[in-house]
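Below you'll find the structure, written out as structure tokens, and then a few comments.
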Amino acid sequence: MEASMKNYNEVYEYTQKVLGIIEKADVTQEEAQWITNETVNGFRENVNAGFLDYRKSVTKGGQYASVEWKDAGLNCFVDVNGKEYIDCLGGFGIYNVGHSNPKVIKAVKDQMNRQPLHSQDLLDPLRAMLAKTLAMLTPGDLKYSFFGNSGTEAVEAALKMAKIYHSEEGRSTFIATTRAFHGKSLGSLSGTAKGVFRKPFMPLVNGFRHVAFGDIDMMQKTMHACQLVGEDVAAVIVEPIQGEGGVIIPPDDYLAKLRQLCDDYGALLIFDEVQTGMGRTGKMFCAEHYGVTPDIITLAKAFGGGVMPASATVATEKVFEKLFDNPFLHTTTFGGNPLACAAALATINVLIEENLPQRAAEMGEYMLNGLREAAAEHGDKVLEVRGKGLLIGIEFVSDEIGYEVAKGFFDNGILTAGTLINAKTIRIEPPLTIEKEQCEKVFATFAKVLKEVNKSVLV
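Quick note: the sequence shown uses this note's numbering, first residue 26, plus one each step.
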């Protein structure tokens, strides 16, 4: 009993100290050192030491000294030692309306002051209002929404909707694409393409096949072969632009032809817009660039405004109605909670009020041109700068050069990162609120870092 009480006392004292730190907007040098030590030790002993090795790519000398502390305006953050960074990673695409957007923060605080979570049994109003908003906002006849907390949950819901839609026919074959990233839970991981993520967890969900992204002929042949052997396709899941795959943009007619193929073979079309949605590519949804409406669309990342974890799986009525008879077939405790719904509603409001999709298109063109100009004399290092809106990838001739450039960016106060599937490509994915002056610093830094890249890493 005494040992148990002693542990509780230690826990209480430690958490009390941490709560005192949380209260502070700014910390002393001594407090900063304590926070840094606790963070590094905590990752090593209690989170995952592997993150420390990974973070060597963005810290001088592998000292792991960069501990994030607070936001600094819409487009920047500050580390615990007071160094400011321009955020060109954007939380892998969550900060479309900027860091700590005031309208999103206010909506969440207002809802928190009234009721942070709901009882689960009664009807919660914001879920209904957000679902109606999405029905008005999304392309075509997408109408009903299921809310979750993350992109992988949104994809899981989409896969289950496709399965139950075809349950009477027994269709259970899914087609995804090479280089695809759809998440890491068992269902979504089955759609994800990278072997290093998949192999340790085999066998995954049965029935998944992968074909080359952008190759409509291979897609048709695969769907036809599946039909011939009695394994008709339930759904094709695809990112309109592959984000983690290296910012891979499809041929202009690919998605339209894919829509037609799915119609021809009776398969559903799922667009994973977890990263491309909410204005990122220069339209509210990337599908709008191509004039294509999927049967199901998944949203997350920026959907919660960079303030709350939130996701949505939006489907047509013909797909979603299979869940009407028993709405408890697929549920989640925290999905569609009032705080997340408040954040998502405010996010949509800000995207429209500030015309951020159009801003993403304009600033994306400005960013692409500036990055290409900076790379113009470095064809021995840079293969291509590509993107749509403010989803931009810089592909290098080798992993090592990409690693050095990302490190150089970071040392100069700009955060970027590689993509999870394609290690040779680093992404430039800032908030849609990024200013021209900040873009110009990115261009100048890119040019400077390219000149400084160690010749020994050149292939």
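Idealized CB from N, CA, C, for every residue including glycine.
Excluding its 5 nearest sequence neighbours in each direction, Q145 has C-beta neighbours in its own chain below 8 angstroms: T358, listed in chain order. Annotated as distal: L293 and A325, with beta-carbon spacing of 8 angstroms or more. For G173, the enclosing beta strand (DSSP E) covers residues L167 to G173. The C-alpha of G75 is placed about 32 angstroms away from the C-alpha of I274.
Put simply, of L283, P141, L99 and S423 the residue whose alpha carbon is nearest the alpha carbon of M243 is L283.
Linking E56 to K108 through their CA atoms gives a straight-line distance of about 15 angstroms. The secondary-structure analysis by DSSP pairs F434 with nothing; it has no beta-bridge partner. The alpha helix (DSSP H) runs of length 4 or more contained entirely in the region 151–237 are, from start to end of the chain, 176–190, 211–216 and 220–223.
Assignment of beta-bridge partners to Q267 by DSSP yields I273. Looking only at T163, V105 and A205, the smallest Cα-Cα distance to T444 is reached by A205.
Looking at the backbone, the Cα of P127 and that of M309 are separated by about 21 angstroms. Scanning T203, N174, T356 and D104 for the CA closest to the CA of T323 turns up N174.
Under the three-state reduction of DSSP, F76 is assigned to helix. By the Cβ rule, the region 191–202 does not count as touching the region 163–170, because fewer than three pairs are nearer than 8 angstroms.
Residue environment analysis places H249 among the exposed positions, since fewer than 16 neighbouring C-beta atoms fall within 10 angstroms of its C-beta. When C-beta atoms of the region 109–128 are compared with those of the region 430–444, three or more pairs fall below 8 angstroms, so the two segments count as touching.
For D149, no pairing in a beta bridge is given by DSSP. Straight-line measurement puts the Cα of N66 at about 34 angstroms from the Cα of N362. Look at V332 here: in three-state DSSP terms it is coil, with no helix or strand label. For D104, the enclosing beta strand (DSSP E) has its first and last residue at C101 to D104. In the DSSP assignment, Y110 falls outside any alpha helix (DSSP H) and lies within the beta strand (DSSP E) extending over E109 to D112. P265 places its beta carbon less than 8 angstroms from that of Y315. Between F328 and S336, the gap from beta carbon to beta carbon is short of 8 angstroms.
Inclusion of L364 and P150 in the CB contact set at 8 angstroms is not warranted, their separation being larger than that value.
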